[in-house]
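The numbers in the sequence shown follow my numbering, run straight up by one, and end at 309. A virtual CB, placed ideally from N, CA and C, is assigned to each residue, including glycine. Step one of this worksheet: look at the structure below.
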Amino acid sequence: MNLRKKLPSAQALFTFEAAAKTMNFTEAGRLLNVTQPAVSKSIAALEAYTGTKLFTREGSKLALTGEGESLYRTVQLSFLALENAIDQVSRVPKQKNALTLSLSTSFVAHWLIPQMEEFRRAFPDVALNFQLTGGEPSGPMEPCDLGLRLDSKVAPTDRAVPLAPEWLVAVASPEYIRRNGMLDGLTTRSTHSLVTFASSRIPWREFLAQTNQTLDISMPEIQVPDYSVVIQTALNGRGVALGYVTSCGYLLREGLLVPALRRTLRTGKRYCIVYPADMGKRRLAEDVGSWIIERSNTILNAISQLLLQ
1 MNLRKKLPSA QALFTFEAAA KTMNFTEAGR LLNVTQPAVS KSIAALEAYT
51 GTKLFTREGS KLALTGEGES LYRTVQLSFL ALENAIDQVS RVPKQKNALT
101 LSLSTSFVAH WLIPQMEEFR RAFPDVALNF QLTGGEPSGP MEPCDLGLRL
151 DSKVAPTDRA VPLAPEWLVA VASPEYIRRN GMLDGLTTRS THSLVTFASS
201 RIPWREFLAQ TNQTLDISMP EIQVPDYSVV IQTALNGRGV ALGYVTSCGY
251 LLREGLLVPA LRRTLRTGKR YCIVYPADMG KRRLAEDVGS WIIERSNTIL
301 NAISQLLLQ
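Structural data, given as structure tokens:
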């Protein structure tokens with residue numbers, strides 16, 4: 001089934017994105033230059049067409065459902081990819097303040113995009129382009145302006161600034177934990193599923209061994225080739241994933257994901273913000289890198305408090 005058959009109209013996605021961003025149908029209407037009833041009608045049509053509730057409504061307050069949150073993140077990433085593609089083929093002169101970032105799809109989808117409004121406030125005139133990978137980015141930074149690398153994968157010619165420890169937490173959606181309990185609980189263990197990244201350096205077996213934990217090895221596994229989809233599968237309530245805090249820290253802080261095991265793993269390695277040796281946009285790239293580091297530190301501090309509770 002193609003996309004045209006899955007949506008009442010392309011405009012439905014724009015309307016949904018505006019409503020999810022503002023959490024207000026009237027404000028979404030202002031952004032789209034349509035009336036509030038038109039927004040309500042479009043959202044109702046999208047919900048009816050998909051057979052899924054995307055918003056909960058309590059009086060005048062809106063909130064995204066789990067399915068709505070999943071769709072919103074996917075739509076944001078898709079819109080960003082379309083914007084970048086249009087920029088690349090456009091004959092209109094490119095923005096002077098444009099940076100190309102070498103990142104994983106999971107970091108962009110689950111860390112950067114949810115904080116894009118804050119980024120836009122800090123850098124209103126900066127356009128971002130992306131060189132993305134479904135796993136861990138590696139290799140020299142050029143031709144990118146900055147990126148994220150594990151310290152052991154930084155090219156000798158590049159300059160690295162520490163960002164965050166490599167820290168793994170078993171994560172699941174709150175609804176999944178309510179339904180199945182903690183992964184190391186004494187009941188309903190057989191109902192759990194493990195979500196695994198096909199190319200993971202640290203598979204479930206190694207994570208459990210390094211944290212001195214044992215689980216039922218007969219648990220079904222959902223193997224996924226893109227780490228961003230691993231996190232999305234956990235968000236959708238389909239299983240427990242190994243969450244790298246660098247990518248899923250924002251989701252943990254906001255309560256969209258919660259720990260599924262009490263023990264976590266710090267490997268002793270670190271992720272770094274990396275710059276090429278020949279930085280043509282040194283000041284701008286360093287400003288954006290400093291913003292990522294500052295936001296990451298704030299999130300890490302909040303998660304540390306959460307996991308100590």
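Where do the N-terminal and C-terminal ends of the beta strand (DSSP E) with residue i fall, by residue?
i, result
"PRO165", "159-172"
"GLU58", "55-58"
"VAL288", "Careful: VAL288 lies outside any beta strand (DSSP E), inside the alpha helix (DSSP H) at 282-308."
"VAL274", "265-275"
Which residues in the same chain have their Cβ closer than 6 Å to the Cβ of residue i, if we skip the five residues on either side of it in sequence?
i, result
"GLY289", "LEU146 and ILE273"
"MET23", "LEU62"
"VAL92", "Below a pLDDT of 50, predicted positions are generally treated as unreliable, and VAL92, at 47, falls in that range; the measurement from the model is reported next regardless. Here the set comprises nothing."
"TRP291", "ALA122"
Over the uninterrupted alpha helix (DSSP H) stretch that includes residue i, give me the two end residues.
i, result
"LYS41", "36-50"
"ALA63", "Careful: ALA63 lies outside any alpha helix (DSSP H), inside the beta strand (DSSP E) at 61-64."
"PHE25", "25-32"
"ALA109", "Neither: ALA109 is in no alpha helix (DSSP H) and is coded neither H nor E."
"ARG205", "204-210"
"MET116", "116-122"
Got a sec? Which residues, its chain only, sit under 7 Å from residue i by beta carbon, not counting five neighbours each side?
i, result
"TYR250", "HIS110, TRP111, PRO114, GLN115 and ILE299"
"LEU183", "ALA170, HIS192, LEU215, VAL240, ALA260 and LEU261"
"LEU128", "LEU99 and LEU101"
"LEU307", "PRO259 and THR264"
"THR188", "Because the pLDDT at THR188 is just 45, under 50, the model does not fix this residue reliably, and the value given afterwards should be weighed accordingly. Closer than 7 Å at the Cβ level, and outside the excluded window around THR188, lie ASN180 and GLY181."
"PRO162", "ARG270 and CYS272"
"ARG295", "GLN115"
"LEU103", "PHE130, LEU132, PRO137, GLY147 and LEU148"
"TRP204", "LEU194, THR196 and LEU242"
"GLU47", "LYS53 and LEU54"
"CYS248", "HIS110, VAL171, ILE231 and LEU257"
"LEU208", "THR214 and LEU215"
"THR35", "GLY29"
"GLY68", "ALA20, LEU54 and PHE55"
With a CB to CB cut of under 8 Å and the five nearest residues on each side skipped, what residues in its chain are close to residue i?
i, result
"GLN11", "SER42"
"ARG238", "TYR176, SER193, VAL195 and ILE222"
"ARG344", "Given that the chain is displayed from residue 1 to residue 309, the structure contains no residue 344 and the question cannot be resolved."
"SER173", "GLY66, ALA234, LEU235, ASN236, GLY237, LEU256, LEU257 and VAL258"
Using DSSP's beta-bridge definition, name the partner residues of residue i.
i, result
"ASN129", "THR100"
"THR196", "GLN223"
"LEU150", "TYR271"
"TYR244", "LEU168"
"PRO259", "VAL171"
Under 8 Å by Cβ, that's how I've got residue i and residue j pegged, so tell me the actual separation to the nearest angstrom.
i, j, result
"GLY29", "ALA38", "7 Å"
"ASN236", "GLY66", "7 Å"
"LEU77", "VAL126", "No, LEU77 and VAL126 are not in contact; Cβ-Cβ is about 18 Å, not under 8 Å."
"PRO225", "GLY139", "Their Cβ separation, rounded to whole angstroms, is 19 Å, which puts PRO225 and GLY139 out of contact at 8 Å."
"ALA164", "THR246", "5 Å"
Are the beta-carbon atoms of residue i and residue j separated by less than 7 Å?
i, j, result
"TYR275", "ALA285", "yes"
"SER154", "PHE197", "A quick correction: the sequence has Val, not Ser, at residue 154. No, the Cβ-Cβ distance between VAL154 and PHE197 is not below 7 Å."
"LEU242", "LEU150", "no"
"PRO157", "ALA234", "Before going on, a small fix: residue 157 reads as Thr here, not Pro. It is not a contact, given that the beta carbons lie outside the stated cut-off."
"GLU118", "VAL75", "no"
"ILE142", "THR267", "Reading off the sequence, residue 142 comes out as Glu, not Ile. No, the pair does not count as a contact, with Cβ atoms beyond the cut-off."
"THR105", "SER228", "yes"
Would residue i count as contacting chain B if we go by Cβ distances under 7 Å?
i, result
"ASP184", "Protein chains in the displayed structure number just one, and chain B is not present."
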